[in-house]
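**Student:** Quick one: the structure is below, questions incoming.
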Amino acid sequence: MVRDTVVTPSRAVRHRKALAAFLLPFGVLFVLFYVVPILYAVYQSLLTVEREGTFGPAVQVFGGLTQYIAVFQNEPFWASIVRVLMFGAVQVPIMLGLALILALLLDSPLVRGAKFFRLAFFAPYAVPSVIAAIMWGFLYSPNLSPFTAVTGSVDFLSADAVLWSIANVVTWVYVGYNMLIIYSALLSIPQEIYEAARLDGANQLRIAWSIKIPLVAPALVLTGIFSIIGTFQLLAEPQVFASFSSAVTSTFTPNLTIYSTASVPNMSLAAAMSVVLAVATFLLSFTVLKLTQRRATL
Amino acid sequence: MTTTASLMAREGGRLGRTATRESAVSRTIAMAVMIVATLYFLTPLWWLFVAATKSRADFTTTAPLWFADFDLFGNIAALFQYRDGVFLRWLANSALYAGVGAALATLFAAMAGYAIAKYTFRGRETLFNVVLGGVLVPATALALPLFLIFSQAGATNTIWAVLLPSLVSPFGVYLSRIYASASVPDEIIEAARIDGAGEVRTFFTVATRLMAPALVTIFLFQFVAIWNNFFLPLIMLRDEALFPVTMGLYVWNTQVSQIPDIRALVVVGSLLSIIPLIVTFLGLQRFWQSGLANGGLK
Chain A
9 MVRDTVVTPS RAVRHRKALA AFLLPFGVLF VLFYVVPILY AVYQSLLTVE REGTFGPAVQ
69 VFGGLTQYIA VFQNEPFWAS IVRVLMFGAV QVPIMLGLAL ILALLLDSPL VRGAKFFRLA
129 FFAPYAVPSV IAAIMWGFLY SPNLSPFTAV TGSVDFLSAD AVLWSIANVV TWVYVGYNML
189 IIYSALLSIP QEIYEAARLD GANQLRIAWS IKIPLVAPAL VLTGIFSIIG TFQLLAEPQV
249 FASFSSAVTS TFTPNLTIYS TASVPNMSLA AAMSVVLAVA TFLLSFTVLK LTQRRATL
Chain B
256 MTTTASLMAR EGGRLGRTAT RESAVSRTIA MAVMIVATLY FLTPLWWLFV AATKSRADFT
316 TTAPLWFADF DLFGNIAALF QYRDGVFLRW LANSALYAGV GAALATLFAA MAGYAIAKYT
376 FRGRETLFNV VLGGVLVPAT ALALPLFLIF SQAGATNTIW AVLLPSLVSP FGVYLSRIYA
436 SASVPDEIIE AARIDGAGEV RTFFTVATRL MAPALVTIFL FQFVAIWNNF FLPLIMLRDE
496 ALFPVTMGLY VWNTQVSQIP DIRALVVVGS LLSIIPLIVT FLGLQRFWQS GLANGGLK
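Respectively, the protein sequence lines represent chains A and B.
In terms of my numbering, the first sequence is residues 9 to 306.
In terms of my numbering, the second sequence is residues 256 to 553.
This is the structure we're talking about:
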């Protein structure tokens, strides 16, 4: 896959200075703004605040896993985790399904003007989440929406519906992006494979199902993992929707819970929540990767 | 979607008889799906554009999807004058954070990726795997840890708090490495060495040219990521003068219920904030599409 240069050690030593010049800028920034913050968050999460008596000054002391026990007993945090899990279980398959169907159609000989459609579907990706949420917030609101016939009978901003209204905003923004990744994978399939299938009498549906989808499976796994990560990180859309709907609370998603905990301010608890969320995200994406890999080899 | 699926199933029964019939029916269904999808993706943007051209009175009283008195430029002028042009300031901030941030992030990622692809050194694979792990760490998960670090340094609520973390693009290193090993032949580097060019000069004059599609791709996606980033400015910035445009519009949107007049500004501002991104994507599509197709996703 990756055809890197294989050089004898003596030559590598000769270019040591150049190598340092290439690697240092990224390396230093990566350590400062990725590695150190993560380690510091772990450190902060192990601290706890103690007071001497009721009115004594607050001091931060080492508290071991106190904050983690507090995280596991924090019901709003777990409720928010369950909420995004539910969101992901419905939204991610719908979004990727749509992206796959559109990519297959674009790649098929059935569609004319594929170039226009490709750009039209991708355009929402250029809309920042905050702006997309503001825009859809207007579109959902009963008195401003162009679709009053719909918004008059269904309350998209009610407690029951708002999670799915947000899911629609996320879907709207990201279908085109995922479609493009899948489409790029489709383009790299050699044409000869299709000719053989067509000679065997396979129609477009059959070609898509038996040849194209298996070959773009790696791209689907990739988009799936990025979507799961994105779902766990939901923040901008619900934060904006809080202005449109009272059903969006300050603990609606894990990141909102972390934000409101940090604003208290309870930095140690918020840091512990960040660590738990990061580990949960990582475990889930890793599991998806492993599960799909196993299925691919069967 | 269900209607399309059942249609396809129904037509499927008839398909066997004639091959020409199959393609005519499939073509129609495929185009119908494409048109419905286009309406879904473009209607909200069309609504935003139309709404931005209307006066405050027309906004609520005229048909939302068609023009009334066309006053886009009057609305833009009002937006730019509001509170001494604070919106222009936000646009400039976003351009600074995203433009400078993405340019430097691309440069650093390209150097690191090129070095990993073209030089052998001890720990090369370990380094690459650590960076890959960084791809899986979402930006929002880092926001709170970064805040803790910057507050230790007394640097929250500064330009640096938003700009510096944006200079790191692990995905960029990944893409650069793959792309450099595929598209920069060792012979060319060797030829440059024989000509007496230094390693760093070879990178800047020869390698960057060959890696151009990957570099444009990295720049664009980093630009969008920074332009759209919400959690980091939300958590870092208090001073309105430092806000990026998304943050400013978010704050305005929370004030709509107290200051109803501000809603028109939110609509026009939203439109203006997405135009730079759409123009950039359209202008550079030749580059980023081939960058995605060739490099990232194999």
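Every residue gets a Cβ at the ideal spot worked out from N, C-alpha and C, and that includes glycine.
I need the straight-line Cα distance from residue 129 of chain A to residue 294 of chain A, nearest angstrom please.
**Tutor:** C-alpha separation (whole angstroms): 29 Å.
**Student:** Taking the alpha carbon of residue 466 of chain B as the point to measure from, which residue in B:319, B:438, B:447 and B:444 has its own alpha carbon closest?
**Tutor:** Residue B:438 is the option with its Cα nearest to residue 466 of chain B.
**Student:** Could you please give me the residues that DSSP links to residue 68 of chain A through a beta bridge?
**Tutor:** Beta-bridge pairing links residue 68 of chain A to A:57.
**Student:** In this structure, how does DSSP classify residue 259 of chain A when only helix, strand and coil are distinguished?
**Tutor:** Coil at residue 259 of chain A, not helix or strand.
**Student:** For a test of the three-state rule: what should DSSP assign to residue 544 of chain B, helix, strand or coil?
**Tutor:** Three-state result, residue 544 of chain B: helix.
**Student:** Please classify residue 217 of chain A as buried or exposed, where buried requires at least 16 other C-beta atoms within 10 Å of its C-beta.
**Tutor:** Looking at its Cβ environment, which holds fewer than 16 other Cβ atoms inside 10 Å, residue 217 of chain A is exposed.
**Student:** For residue 135 of chain A, tell me which candidate among B:287, B:519, B:399 and B:301 has the shortest Cα-Cα distance.
**Tutor:** Looking at the Cα atoms, B:301 is the closest of the given residues.
**Student:** CA-CA distance, residue 334 of chain B and residue 299 of chain B?
**Tutor:** Looking at the two C-alpha atoms, the distance is approximately 21 Å.
**Student:** CA-CA distance, residue 363 of chain B and residue 36 of chain A?
**Tutor:** One C-alpha to the other measures close to 10 Å.
**Student:** Please state whether the Cβ-Cβ distance between residue 239 of chain A and residue 92 of chain A is less than 8 Å.
**Tutor:** The answer is yes: Cβ separation under 8 Å.
**Student:** Quick check on this structure: which residue in B:282, B:464, B:305 and B:457 has the alpha carbon closest to the alpha carbon of residue 119 of chain A?
**Tutor:** It is B:282 whose Cα lies nearest to the Cα of residue 119 of chain A.
**Student:** Mind listing which residues of the region 40-55 of chain A have their C-beta closer than 7 Å to chain B's C-betas, in chain order?
**Tutor:** Here the close residues are 41, 42, 44, 45, 46, 48, 49 and 52.
**Student:** Under a CB-based cut-off of 8 Å, is residue 466 of chain B close to chain A?
**Tutor:** Not an interface residue.
**Student:** So the candidates are A:300, A:42 and A:137; which of them puts its Cα closest to the Cα of residue 242 of chain A?
**Tutor:** Closest option to residue 242 of chain A, Cα to Cα, is A:137.
**Student:** Give me, in chain order, the residues of the same chain whose beta-carbon lies closer than 7 Å to that of residue 447 of chain B; leave out the 5 immediate sequence neighbours on both sides.
**Tutor:** Cβ neighbours of residue 447 of chain B beyond the five flanking positions: 457 and 461.
**Student:** Taking the CB atoms as reference points, tell me whether residue 470 of chain B and residue 365 of chain B lie closer together than 8 Å.
**Tutor:** In this structure, residue 365 of chain B lies closer than 8 Å to residue 470 of chain B by Cβ.
**Student:** Is it buried or exposed, residue 474 of chain B, if we count other Cβ atoms within 10 angstroms and call 16 or more buried?
**Tutor:** The residue in question, residue 474 of chain B, is buried, as its Cβ has 16 or more Cβ neighbours within 10 Å.
**Student:** Quick one: what does DSSP say residue 41 of chain A is sitting in, helix, strand or coil?
**Tutor:** Residue 41 of chain A falls in the helix class under three-state DSSP.
**Student:** Can you look up residue 326 of chain B in the DSSP assignment and give me helix, strand or coil?
**Tutor:** Reduced to three states, the DSSP call for residue 326 of chain B is coil.
**Student:** Which residues mark the beginning and the end of the alpha helix (DSSP H) in which residue 274 of chain A is found?
**Tutor:** Looking at the DSSP string, residue 274 of chain A is not in any alpha helix (DSSP H), and its letter there is neither H nor E.
**Student:** Quick one, which residues of the region 321-347 of chain B are near chain A if we go by CB-CB under 8 Å, in chain order?
**Tutor:** Listed by position along the chain: nothing, the set is empty.
**Student:** Roughly how many whole angstroms lie between the Cα atoms of residue 505 of chain B and residue 234 of chain A?
**Tutor:** Residue 505 of chain B and residue 234 of chain A: Cα-Cα distance of roughly 25 Å.
**Student:** For chain B, find out if any of its Cβ atoms is closer than 8 Å to the Cβ of residue 275 of chain A; answer yes or no.
**Tutor:** So, interface residue.
**Student:** Going by Cα to Cα distance, which pick from A:107, A:49 and A:284 is closest to residue 133 of chain A?
**Tutor:** Ranking A:107, A:49 and A:284 by Cα distance to residue 133 of chain A puts A:107 first.
**Student:** Under 8 Å by Cβ, that's how I've got residue 154 of chain A and residue 319 of chain B pegged, so tell me the actual separation to the nearest angstrom.
**Tutor:** Confirmed, about 4 Å.
**Student:** Starting from residue 437 of chain B, trace the alpha helix (DSSP H) in both directions and tell me its first and last residue.
**Tutor:** Residue 437 of chain B -> alpha helix (DSSP H) spans 425-438.
**Student:** Taking DSSP as the reference, what is the three-state secondary structure of residue 410 of chain B?
**Tutor:** Looking at residue 410 of chain B - three-state DSSP - the assignment turns out to be coil, as it is neither helix nor strand.
**Student:** Between residue 488 of chain B and chain A, is the shortest Cβ-Cβ distance under 8 Å, so that the two count as touching?
**Tutor:** Answer no: the Cβ-Cβ gap between residue 488 of chain B and chain A never drops below 8 Å.
**Student:** On the premise that residue 288 of chain A lies in contact with residue 52 of chain A, defined as a C-beta separation below 8 Å, what is that separation, rounded to the nearest angstrom?
**Tutor:** Their Cβ separation, rounded to whole angstroms, is 18 Å, which puts residue 52 of chain A and residue 288 of chain A out of contact at 8 Å.
**Student:** With a threshold of 8 Å between beta-carbons, can residue 221 of chain A be considered close to chain B, or not?
**Tutor:** No - not a single Cβ of chain B is within 8 Å of the one on residue 221 of chain A.
**Student:** Give a yes or no on whether the minimum CB-CB distance between residue 536 of chain B and chain A is below 8 Å.
**Tutor:** Yes, its Cβ sits closer than 8 Å to a Cβ of chain A.
**Student:** Indicate the three-state DSSP secondary structure (helix, strand or coil) for residue 217 of chain A in the structure shown.
**Tutor:** Three-state DSSP puts residue 217 of chain A in a helix.
**Student:** For a test of the three-state rule: what should DSSP assign to residue 535 of chain B, helix, strand or coil?
**Tutor:** Of the three classes helix, strand and coil, the one that applies to residue 535 of chain B here is helix, per DSSP.
**Student:** Do the CB positions of residue 69 of chain A and residue 60 of chain A come within less than 8 Å of each other?
**Tutor:** Going by C-beta atoms, residue 69 of chain A is not nearer than 8 Å to residue 60 of chain A.
**Student:** Does DSSP put residue 276 of chain B in a helix, in a strand, or in coil?
**Tutor:** Its pLDDT being 48, under 50, residue 276 of chain B is placed unreliably in this model, and the coordinates cannot settle the point.
**Student:** For the ligand HEM, I want to know if residue 60 of chain A counts as a neighbour, meaning its beta carbon is within less than 7 Å of at least one of the ligand's heavy atoms.
**Tutor:** The ligand HEM is absent from the structure shown, which contains no ligands of any kind.
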